[in-house]
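Chemist: For the sequence shown, the numbering used here gives the first residue as 154, with consecutive numbering after it.
For glycine and all other residues, C-beta sits at the position ideal for the given N, C-alpha and C.
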Amino acid sequence: MGENVECRKRTMIGFLGLNALLYIFNVTQILAEQEVENLSGLSRDPEKDIFVVRENGTTCLLAEFAAKFVVPYDVSASNYVDLITEQTTIQISRGVEIKGKCGNNDADLQISWIGASYTLKLFFVKEGQNSTKGREAFWKMNKVQFIYDSSESTHFKDAINPGKYTATTHHLSALVTPAGWAYECKAQQTLSLISTDHQKAVTLLLSEVRIQPFDIKNDFVFSEGSHFIPEDRLDGFFSLI
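1) Would DSSP call residue 279 helix, strand or coil?
2) Beta-carbon within less than 7 Å of residue 369's beta-carbon, same chain only, minus the 5 sequence neighbours each way: which residues are those?
3) Residue 373: buried (16+ other C-beta within 10 angstroms of its C-beta) or exposed?
4) According to DSSP, is residue 293 part of a helix, a strand, or is it coil?
5) In the DSSP output, which residue or residues are listed as bridge partners for residue 273?
6) Where do the ends of the beta strand (DSSP E) carrying residue 229 lie?
7) With distances taken Cα to Cα, identify the nearest neighbour of residue 356 among 364, 366, 341 and 367.
8) Taking three-plus beta-carbon pairs below 8 Å as touching, is the region 305-316 in contact with the region 326-344?
9) My output table needs one value for residue 375: the three-state DSSP class, helix, strand or coil.
10) Should residue 263 and residue 274 be called a contact, given that it needs their Cβ atoms to be closer than 8 Å?
11) Between residue 240 and residue 225, which are expected to be in contact by the criterion C-beta below 8 Å, what is the C-beta distance as a whole number of angstroms?
12) Taking the continuous beta strand (DSSP E) assigned at residue 247, which residues delimit it?
13) Check whether the region 227-236 and the region 294-302 touch, using three or more Cβ-Cβ pairs below 8 Å as the test.
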C-alpha cells in the first residue's frame, strides 16, 4: 500500500514537472514571437517604417517600406436616405505595436497602431527547389490582411455601420525573390484587398520596399544579395494568380 502511494506521489510530481516544462516552453515560444524592434525613428523618410523580428537573440526578419491604405466607406447623403461612398487614406503611425514569427518555411509580420484600430499582417513562405521545372528555392509574400475599425474618428467621418472589418488578398504571389536574398523596389506598387464591408476594394500602396523574411546571416543587416526590381518589371514580381 505504501509503495502504491509513493508511486502515485512520484507520478503526480512527474506530471506537475512536465506541465511546468510545457508552460515554460510555451512562454518561451511566445516571448520569441514577440522579440521585435521598431526602428522607424531611424528612417530619414517620415513615411518609411523599419521593422525587425528577432528570435534567439538574432534577426530573422527585416522589413522597410512606406505604406498607405485607401479605404472606401459609406456615409449618409444629404437627404439622409441614400448612401454615398467616401474614401480615407491611412498611414502607419510611428507609435506601433509589432508581433512576428519566423520559421524555416513560413514567417509573418503584424503591425498595429492607434490602439489596435488598424492592423497590417504580412505573410511569407519559402518554397524549395523544383527539380522538374529547374527552379531554384525562392520566397514570396503569399497573403496580406488589413484590419480596420471604421468607428475610429481620426480617419472615418460619420461612417454607416461603423465597426471592425478585414480586407484580404486572394491567391497572392508577390515579391518573388531567390532564397537568401532581400527583395528591393523603390517604385510604388499597388495591391487590392477585398473587405468584409460589402466586398469593398481596399487599396494598399507600397513603396521604398526592402524586405527579407528568411536566411538573414547578420544581425540587423540585409543579405548582400538584393533582388532589385526596376520599375518597368514590377508586374512580374507583384501579381495575383
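Modeler: Per the coordinate set shown:
1) In this structure, DSSP gives residue 279 an extended state, which the three-state scheme calls strand.
2) Excluding positions up to five away in sequence, the list reads 212, 213, 215 and 376.
3) By the 10 Å Cβ count, residue 373 comes out exposed.
4) In this structure, residue 293 counts as strand in the three-state DSSP scheme.
5) For residue 273, which the question treats as bridged, DSSP gives the partners 264 and 299.
6) Boundaries of the beta strand (DSSP E) harbouring residue 229: 211-229, taken from the DSSP string.
7) Residue 356 has its Cα closest to that of 341, out of 364, 366, 341 and 367.
8) Of all C-beta pairs linking the region 305-316 to the region 326-344, fewer than three are shorter than 8 Å, placing the two stretches out of contact.
9) Reduced to three states, the DSSP call for residue 375 is coil.
10) Between residue 263 and residue 274, the C-beta gap is smaller than 8 Å, which places the two residues in contact.
11) Right, the Cβ-Cβ distance comes to about 5 Å (below 8 Å), so this counts as a contact.
12) Counting along the chain, residue 247 falls outside any beta strand (DSSP E), and DSSP gives it neither H nor E.
13) No: fewer than three Cβ pairs fall under 8 Å.
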